[in-house]
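What follows is a short report on a single structure.
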DNA sequence: TCAAAAGTGTTTGGGTTACACCCATGA
DNA sequence: TCATGGGTGTAACCCAAACACTTTTGA
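Residue numbers (the numbering used here), protein chains in the order written: chain V, 1 to 247; chain C, 1001 to 1247.
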């Protein structure tokens, strides 16, 4: 039997996939690393978890140090622990993703930060990032795609006031499909989670759209009452619907 | 800036929620701990991850050392890292669950194993277990409940040959609901993932049931073709169906 | 008046639900 | 012959999907 001391030589980090939505594209916030290893390379923001800090706390800290944002949607996804994933020793990393409204975002790069610079990169343009971050990003994106079918998360990525078309474009970006405008509006409005602000877009060169706001209070009330939101769309293959199986 | 050395003083473990199905109940395999901390207390099987071992590998090892089983369904769920969750120092744990057929199971308790004994405990009878294992168990069970709606996992928990009633009882145990017999059979059979073995139950004091087997080859073929299985049942609240929202 | 995006209803098909009685076997 | 669980079909309903034209604004 090995002495337990041999096990207390590891470290762990959190890495945070920060999603934002801008110009019709789903984007991720990447940093240019200001430290070894992978100095100067693009990577997901992340850092070691401090001894007196729990995992969620570390994820919040990483996000806050970089963006100044607190109280945003944050969810743990998966832990990556390949033996040689970090050149400095045994380091496993707990991956989180968060959803922020890019309009709220103010880039904060502290002196001595792990990041030299930070940049929003469209998901499809991400390539060659440090560590196993490509796998982490893929896993988090997949989780987001699933979650968004069952919970009204889209609003986290939009400004307070938004149009239904913006919301639809966001869902299309996340789900990587096209959605039918009329059906989308019917479903979204049937949730009863949108407040019609009785305001209009201004200064657009076409018919202005109505502005809506997410009714967070009502959502939390629904949750408390035990309602389950299932935003799922059915899945098809070759235009043929695949049957559900249970019940 | 702290020296990185300060971070390399932690350890991590895996804990494994091993589900089995027996006598109409969903059960978990618990061990009586043969080591400090929590010596003599019931806990989930788990152990430190060795320096040369990745996380999935450690989960497989823990399972295999205890049950002798390999190649079973195993899925990482969540990582728990509260600062004081382990009395010996900073130890985070990666939680997995696995699904096994209790008929295949042969308890192996090696000398010097971390377990003094092991026992199948019905989910509802689990109480007062070591560490934060209650939270881990809850998280894994929740994951199982979700997964089983979308993937044909039930078969992992049954003997090779089973009856439709056994399968239904299993789903009822996992989902903690009652299911309609006729509708359940219709859906399950419409999956086309069951092989009718043309055999019958024997020695039962009632009309014998047909035996079926899961068609794993066809399932994998379907997966490869991109089919998505959605075994979801709709959710109700007060008998009123809650609308889906997307598309 | 033109371009651009907003906004709006109806029909159809398929899947989910609810529901009750006869069958085969061993005791 | 009785108790026990096995096995089967249909009708109603609801939701998802498909689909096209009019409206409003700024340029």
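All C-beta atoms in this analysis are idealised placements derived from N, C-alpha and C, irrespective of residue type, glycine included.
What you are looking at is a predicted structure, and each value in this text was computed from that prediction instead of being measured.
Helix, strand or coil at residue i [DSSP, three-state]
{"i": "residue 219(V)", "result": "helix"}
{"i": "residue 1098(C)", "result": "strand"}
{"i": "residue 1036(C)", "result": "coil"}
{"i": "residue 1199(C)", "result": "strand"}
{"i": "residue 1210(C)", "result": "strand"}
{"i": "residue 16(V)", "result": "strand"}
{"i": "residue 1131(C)", "result": "coil"}
{"i": "residue 193(V)", "result": "coil"}
{"i": "residue 139(V)", "result": "helix"}
{"i": "residue 1004(C)", "result": "helix"}
{"i": "residue 1043(C)", "result": "strand"}
{"i": "residue 1224(C)", "result": "helix"}
{"i": "residue 187(V)", "result": "helix"}
{"i": "residue 9(V)", "result": "coil"}
Neighbour flag for residue i against chain V, beta carbons, 7 angstroms
{"i": "residue 1011(C)", "result": "yes"}
{"i": "residue 1239(C)", "result": "The predicted position of residue 1239(C) is uncertain, since its pLDDT is 36 and thus under 50; a value taken from the coordinates is nonetheless stated next. Cβ-Cβ to chain V under 7 angstroms: no for residue 1239(C)."}
{"i": "residue 1163(C)", "result": "no"}
{"i": "residue 1082(C)", "result": "yes"}
{"i": "residue 1052(C)", "result": "yes"}
{"i": "residue 1021(C)", "result": "no"}
{"i": "residue 1055(C)", "result": "yes"}
Chain C within 7 angstroms of residue i, Cβ atoms only
{"i": "residue 40(V)", "result": "no"}
{"i": "residue 215(V)", "result": "no"}
{"i": "residue 45(V)", "result": "no"}
{"i": "residue 33(V)", "result": "no"}
{"i": "residue 48(V)", "result": "yes"}
{"i": "residue 207(V)", "result": "no"}
{"i": "residue 87(V)", "result": "no"}
{"i": "residue 182(V)", "result": "no"}
{"i": "residue 61(V)", "result": "no"}
{"i": "residue 185(V)", "result": "no"}
{"i": "residue 3(V)", "result": "no"}
Own chain partners of residue i with C-beta closer than 8 angstroms, once the 5 adjacent residues on each side are dropped
{"i": "residue 218(V)", "result": "192, 193"}
{"i": "residue 1209(C)", "result": "1163, 1164, 1165, 1200, 1201"}
{"i": "residue 1072(C)", "result": "1063, 1098, 1099, 1100, 1156"}
Neighbourhood of residue i by C-beta, 6 angstroms cutoff - its chain only, sequence neighbours within 5 removed
{"i": "residue 102(V)", "result": "20, 22"}
{"i": "residue 105(V)", "result": "67"}
{"i": "residue 1010(C)", "result": "1090"}
{"i": "residue 1107(C)", "result": "1118"}
{"i": "residue 33(V)", "result": "39, 41, 43"}
{"i": "residue 1122(C)", "result": "1025, 1027"}
{"i": "residue 1127(C)", "result": "none"}
Contact set for residue i: own chain, Cβ-Cβ below 7 angstroms, skip 5 residues either direction
{"i": "residue 1049(C)", "result": "1012, 1013, 1014, 1055, 1058"}
{"i": "residue 64(V)", "result": "70"}
{"i": "residue 184(V)", "result": "168"}
{"i": "residue 1037(C)", "result": "1087, 1088"}
Counting only Cβ-Cβ distances shorter than 7 angstroms, please list the residues of the region 130-159 of chain V near chain C, keeping chain order. 149
Under 7 angstroms, CB to CB, which of the residues in the region 66-81 of chain V have a partner in chain C? 76, 78, 79, 81
Segments of 4+ residues assigned as alpha helix (DSSP H) that fall wholly inside the region 1143-1176 of chain C: 1164-1175
Please list the segments of the alpha helix (DSSP H) lying wholly inside the region 1050-1127 of chain C, counting only runs of 4 or more residues, in order along the chain. 1055-1067
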